[in-house]
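Student: First the structure, then my questions, so here it is.
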């Protein structure tokens, strides 16, 4: 099962669809190989960027099952199970673990405000999930819920099944540092992987993050930056990061980001079709041209780095 | 199937649970009889007040099936099928109709803003639902989406499967009047039933609504007020309404409302247990005492009206 | 100056305008007499319902000055000074006190989330305000900020210049009870006056509130209910309340409420014109007719109570 | 006065404060020279990034006056006058023009939703502002208001005093393209300057924007990119942009961005102190170190470009 020592790059996996909107389960295996070949040390399925809310529960489990078959135990799988009610969350988590997930991920519902409410919510989540280890997704931009450092520390201290923080407090770099300082003072250490499309990865690693959990369409960026940082060469990490940054930025466009990502994944052969399930945006010809320019320039820059 | 001539009182039905949080399907039949005996001309299942988001899909369908058996065709059933994605909406709607629903209800997702976005969303909904007639739930306080009158008229004009408006634009009385004026000018007439816990029922009827779709724990209020109004006695309608108003107001408390409603439904024998599925609030002793006082005073007032 | 023993009815005063949108300072004196004659024990100026954000700062101070002249020390005046920045808040508060205010009122900015943020904000407010006593306005429906009971207690304990809570946690009755229980256990007692248009006044008094701070257009309702409750006759308090409730409810309509209130205040001669400053809604003929009906029925009901 | 032919770089100016929070008017002149020397073709004062809501009205006018003296007619000044009420907006706009502003800027209030509401709001704004030309600020991330293209076109067509769009629909590149296509089809052409911290400047120019209106602490970036693009060398524009991008991204951190910007402006001698008026964040030592690293790397990159 997933535990607090996890590190590296957990890629947020896309969910592949056929042009008619049906699940493209055949692409799942191909996509898994694509991610693993580019350095993924874990996979996260059915997050917002996996279009989870657009799937039926049966489809969700089918995706996990197919991905788990393809992974065949090489890396752990985390499945998003955020739900408005605990019954659905419990059912989906149980199904996910049976299908092969090593852990699940839970974002807070938008209604939470006060410190005590947030702690109580995760205490209930832990009770609902039983033995299943879980990732706390801290993503205020989307959830509207701000989780202060003392609340996170209380959750980590009192809820052993919370083993990882998916940090994307936009960017909340000082939050990572505060958590690591608290650990230096005796608090329980948990894994911190960062999201936000990778936009702040060098700084996140510098502050003490264990890696990335995000789905940028060139996962070798996350792997390369993390490896260079781990090798004690932050300047090399930044050189690499900067080469990808124009596209990272472009893919981070709200509303369009996932469509851009799937377009590139399809271009790169990771999935068969760039299709998003409805409702979802289409990319304009201008956008497609900009992507092409950015990829060309990115490759030239990487070439000049001798990558 | 549901059509645009529907009127009267569509009661928003609670979902009964056992004290341990399991579904209490045995209470469903009893609750149905309770509602029908008090004047319901329709039932709405799995709205927000039916704790729909806390049910698994299998549970949702089980509730509809049991309710449909109990209703046995006496009145139409509407099932809430709002979902973040069309795949889940389609699946749930298909299941609901198979289980016996005469129509479904769809609220807009919180992300909609511009007029054209809202129309396009419902055009897609209609395509997804096929022949199934649907109710448009207009509830800005909860959805955050404001639907202007011209957009509603365009939806009604161009989407024949939209047969009813659940109006709860808090309270938006002038909106009802504007829609009815447009119909007088030739626009297609659809059914308008009003929510908001019944707080504005006399005025809503006065503006042209066809009745109520709400779940106040004394559904005889909605039936009585609607009947008196239909009988041409608005003063009698208001006398009756005023007798219930202190409790209507009390039940309308955000956050606590459903717990209060289920407590009263259990008191009245409509369901076996007042249990809400977690996460949900508990009622304090002070609250329980206030409810008791309000019910006593309500009964005294009704007695004095000779009801 | 305002202190923690304040009780009774602090009326939220309207700001009178001329038909062309100019300030109607001549109406201010008349309105003050109207409120005092109907039992106000204090006045609150420049809240949201006083259209404060639509005034220039010079106009705000002119209103306070004129009201203070009219009040001539008979009751304390509270002035709303919520501002996005402390410089404007300090300037307005200083001006308000010079103009005759006995205290000021501050609602939290919408950006506050975590417990510590809220406390820190009010600690800074107290520093900015110096000796001026202030009212904390707790109004989550409008501000989006939820203030938990422990945070309120910490503010009351550590910030002596916070002397009153304007409670409108919609309705948050258990919050009042929790605060009063804490006081019974030794916490500092402060004044609690309740808003929400008076919709929950009997219950608020039953839970331990010291009165009302709201602007319902029949302030004699708040005075009468509070007096009956203080006289140990909660049943009489409820009889009176129930007589006004249909109109209380009607005036509580979001968006339209202030226009309804000013229309009635003008009808009753409290102000010369019902004008709202732009942007503001106009009342439809249907709405005006409903108000007339509600006032007639209210009077009949009061007559039958022998009021 | 400002007109629809404006182009280039309108720098969003910081508001300089003394360490004690007082206005630092002496820095205003220095800052103006700093911006003009680096290619500003206009200045925008008192936007959100100018801490406008933290100033009293007298302070706001003092800042405009001092800036206008320093500019001495070399470039136009735009002053932010967004206000919850039209009285304050009118007063501030009048004062701004008297103090030397060539135009004003108005963002929509958060309450606007429907297409017609948005148009009506700007029609009222135009009436309130009279002859003063204004910039419409389209910034959904902060205002919560989405303005569809047809609404913008209607505003531009019917309101001649609206001469410029400050575009920051995060990033909304297709919106720029759609507006320019409409102009090609006969719609009135207005100036489009883009915000968003400059994060999408090359693409914005490619889609037809006339330049930037943003406050990145190296305004020579906006000037250089805009000039290269205007010179028909988009590749050069991108090379330059990419060199600054790591810092552009870093400065775009929500919550911290303005503090980072003022820190750099103080480092560069544009203002005497990096002080933000309270409430505002402080920068951690980690953050200061990251900024230093990013500036060093940026300079190295620019050197390698032969800039």
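Protein chains in written order, with my numbering: chain A, 39 to 345; chain B, 39 to 345; chain C, 39 to 345; chain D, 39 to 345.
Even glycine gets a Cβ: it sits at the ideal position worked out from N, Cα and C.
#1: I'd like the ranges of any beta strand (DSSP E) spanning at least 3 consecutive residues and lying wholly in the region 163–220 of chain A.
#2: How is the beta strand (DSSP E) around residue 143 of chain C delimited, first residue to last?
#3: Keeping to the same chain, check which residues put their C-beta closer than 7 Å to that of residue 112 of chain D; ignore five residues upstream and five downstream.
#4: Which residue marks the beginning of the alpha helix (DSSP H) containing residue 115 of chain B, and which one marks its end?
#5: Quick check on residue 309 of chain D: does DSSP put it in helix, strand or coil?
#6: Quick test of the definition: if touching needs 3 or more C-beta pairs under 8 Å, does the region 230–239 of chain C touch the region 201–218 of chain C?
#7: Given a threshold of 16 other Cβ atoms within 10 Å of its Cβ, counted over all protein chains shown, does residue 247 of chain A qualify as buried or as exposed?
#8: Only counting runs of 3 or more residues, tell me where the beta strand (DSSP E) segments fall wholly within the region 227–300 of chain A, in order along the chain.
#9: Starting from residue 93 of chain B, find everything on chain A with Cβ-Cβ shorter than 8 Å and list it in chain order.
#10: Please tell me whether residue 328 of chain C and residue 211 of chain B are closer than 9 Å, where the distance is taken between their beta carbons.
#11: Output yes if chain A places a C-beta closer than 9 Å to the C-beta of residue 148 of chain C; else output no.
#12: Using a C-beta to C-beta distance shorter than 7 Å, which residues of chain B count as neighbours of residue 252 of chain D?
#13: Using the three-state DSSP reduction, which class does residue 133 of chain D fall into: helix, strand or coil?
#14: Which runs of the beta strand (DSSP E) fall wholly inside the region 40–100 of chain D and span at least 3 residues, in chain order?
#15: Under 9 Å between C-beta atoms, does residue 153 of chain D make it to chain B?
#16: Just the Cα atoms here: how many angstroms apart are residue 148 of chain C and residue 163 of chain B?
#17: Flag this pair as yes or no: are the beta carbons of residue 317 of chain C and residue 172 of chain D separated by less than 9 Å?
#18: Quick check on residue 97 of chain B: buried or exposed, where buried means 16 or more other Cβ atoms within 10 Å of its Cβ?
#19: Quick check on residue 110 of chain C: does DSSP put it in helix, strand or coil?
#20: For residue 264 of chain C, which of C:42, C:48, C:154 has the nearest alpha-carbon?
#21: Less than 9 Å between the beta carbons of residue 331 of chain D and residue 62 of chain D, yes or no?
#22: Using a Cβ-Cβ cutoff of less than 6 Å, which residues in the same chain neighbour residue 252 of chain B once the five nearest sequence positions on both sides are dropped?
#23: Decide if residue 165 of chain C is buried, meaning its Cβ has at least 16 other Cβ atoms within 10 Å, or exposed.
#24: Measure the alpha-carbon distance for residue 193 of chain C versus residue 201 of chain C and round it to whole angstroms.
#25: Under 9 Å Cβ-Cβ, which residues of chain A neighbour residue 54 of chain C?
#26: Is the region 256–263 of chain D close to the region 272–281 of chain D, with three or more CB pairs under 8 Å?
#27: In chain order, what residues of the same chain lie with their CB nearer than 6 Å to the CB of residue 72 of chain B, ignoring the 5 residues before and after it?
#28: Along the chain, where does the alpha helix (DSSP H) containing residue 323 of chain A start, and where does it finish?
#29: Which residues of the region 177–199 of chain A have a Cβ closer than 7 Å to any Cβ of chain C? Give them in chain order.
#30: Less than 8 Å between the CB atoms is what I'm expecting for residue 227 of chain D and residue 42 of chain D, so what's the real figure, rounded?
#31: Go through its chain and collect everything with a Cβ distance to residue 181 of chain A's Cβ below 7 Å, but skip five positions before and after it.
#32: Can residue 116 of chain C and residue 87 of chain C be called in contact, C-beta distance under 9 Å?
#33: So the candidates are C:118, C:301, C:285, C:305; which of them puts its Cα closest to the Cα of residue 336 of chain C?
#34: Give me the Cα-Cα distance between residue 254 of chain C and residue 289 of chain C, rounded to the nearest whole angstrom.
#35: Would you mind giving the Cβ-Cβ distance between residue 297 of chain A and residue 319 of chain A, rounded to the nearest angstrom? I have them listed as a contact below 8 Å.
#36: Could you give the DSSP three-state label for residue 315 of chain D: helix, strand or coil?
Tutor: Reading off the structure:
#1: Taking only runs of at least 3 residues, the beta strand (DSSP E) segments lying wholly in the region 163–220 of chain A are 172–176, 200–205.
#2: 141–144
#3: 74
#4: Where residue 115 of chain B is concerned, there is no enclosing alpha helix (DSSP H), although the beta strand (DSSP E) it sits in stretches over 115–118.
#5: coil
#6: yes
#7: buried
#8: 229–232, 249–252
#9: 123, 125, 126
#10: yes
#11: no
#12: Residues of chain B passing the Cβ test: none, with the nearest at roughly 24 Å.
#13: DSSP places residue 133 of chain D in helix when its eight states are reduced to three.
#14: 46–50, 80–83
#15: For residue 153 of chain D, a Cβ of chain B is located within less than 9 Å of the residue's own Cβ.
#16: 34 Å
#17: no
#18: buried
#19: coil
#20: C:48
#21: no
#22: 50, 233, 235, 236
#23: The residue is exposed, with fewer than 16 neighbouring Cβ atoms inside 10 Å.
#24: 10 Å
#25: Under the 9 Å cutoff, chain A gives no residues; its nearest Cβ is about 37 Å from residue 54 of chain C.
#26: yes
#27: Counting only Cβ-Cβ distances below 6 Å, and skipping sequence neighbours, we find 308.
#28: 323–342
#29: Within the region 177–199 of chain A, the qualifying residues are 184, 186.
#30: 6 Å
#31: 145, 146, 148
#32: no
#33: That would be C:285, whose Cα lies nearest to the Cα of residue 336 of chain C.
#34: Looking at the two C-alpha atoms, the distance is approximately 7 Å.
#35: 5 Å
#36: Correct three-state label for residue 315 of chain D: coil.
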